[in-house]
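Report on the following structure.
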Amino acid sequence: MQRIIIESKVLDGIPMNEYYIENYELKGLVFVQHGYQSNKNRGTDFMSVCLARLGYKVVSIDAYKHGERIEEPYISMKNYKRYAAVFNVVTQTAKDIIFLHDKYYSYAFEKFDFIGISMGGMIAFYLSTVTDKINKLVPAIGTPNFLGMTRHVVDIDDTEKYNQIVKNNLDFINQIDPIQHVENMKYSEMFILNTTKDEIVPGKFSENFYDEYKNEKMRFAYYDDVHNVNRQMTNDILSFICEKEVTI
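Each residue of the sequence shown is one higher than the last, beginning at 34 in this note's numbering.
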């Protein structure tokens, strides 16, 4: 029986898990990125193990200021400060992915696949605008419209203060907003997944993006669910990565 290795490590201050089959010729490298206020051990571990069983080297890192490297505002500060900091988390985590691939993995894998869930989906869209090393890109229950998302944030405990922070950072948000820089997106194929009942990250942002910018390298699918990656979505993601039908 093939043995799956799950190795936890910290490289250059970035905590991560690696998943792979021991003594196996690996098919490729896949980064799997968790969502808002989650971590590398929660929400992406099942997907990572499945990909490893299918023959891939999988890397899942703690996003900036999350997991083992958690910092304020994600320890004790109010929700409006946490939401306002998301864009810094997105950009720094993308930089970390690029850095890790270049320093530790590019010798074996010239390019990589990237699966991002929720905030990880935002990272996926942004990442495609700042690197040309992405093969298959999978933003799941995320959004390419960062500015639009600032107007649809739930559970804000101080809307006035949140809006003021957004206003103060408007230049930065516009600068990194993927939907404003579609011409910079680089990927071999992209599979966008959203859900019809998502009140946290509405699927309309991705749907509108797809309707306006769709091409032969891009596909989009809606699923009847809330803010969740369900079993069918997982099967479809795995099938997309593996280029064959996968059922788990």
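Using N, Cα and C, we set each Cβ at its ideal position, and we do this for glycine too.
- For the pair R86 and M80, the Cα-to-Cα distance works out to about 10 Å.
- Assignment of beta strand (DSSP E) within the segment 186-251, counting only whole runs of 3 or more residues, yields 222-228 in chain order.
- Comparing C-alpha distances from K144 to each of V259, K90, E51 shows the shortest one belongs to K90.
- Within the segment 109-152, the runs of alpha helix (DSSP H) that reach at least 4 residues and sit entirely inside it are, in chain order, 112-117, 119-133.
- The Cβ atoms of L62 and Y138 lie closer than 7 Å to each other.
- Contact between Y69 and S151 holds, since their C-beta atoms are separated by about 6 Å, short of 8 Å.
- Sequence-distant partners of E278 (beyond 5 residues in either direction) whose C-beta falls short of 7 Å from its own C-beta, in its chain, are S272.
- Between the C-alpha atoms of I37 and T77 there is a straight-line separation of about 16 Å.
- Under DSSP, the beta-bridge partners assigned to S41 are N50.
- Contact between K230 and V186 is ruled out by a C-beta separation of about 18 Å, above the 8 Å threshold.
- For L170, the enclosing beta strand (DSSP E) covers residues 167-173.
- For I94, the enclosing beta strand (DSSP E) stretches over residues 90-94.
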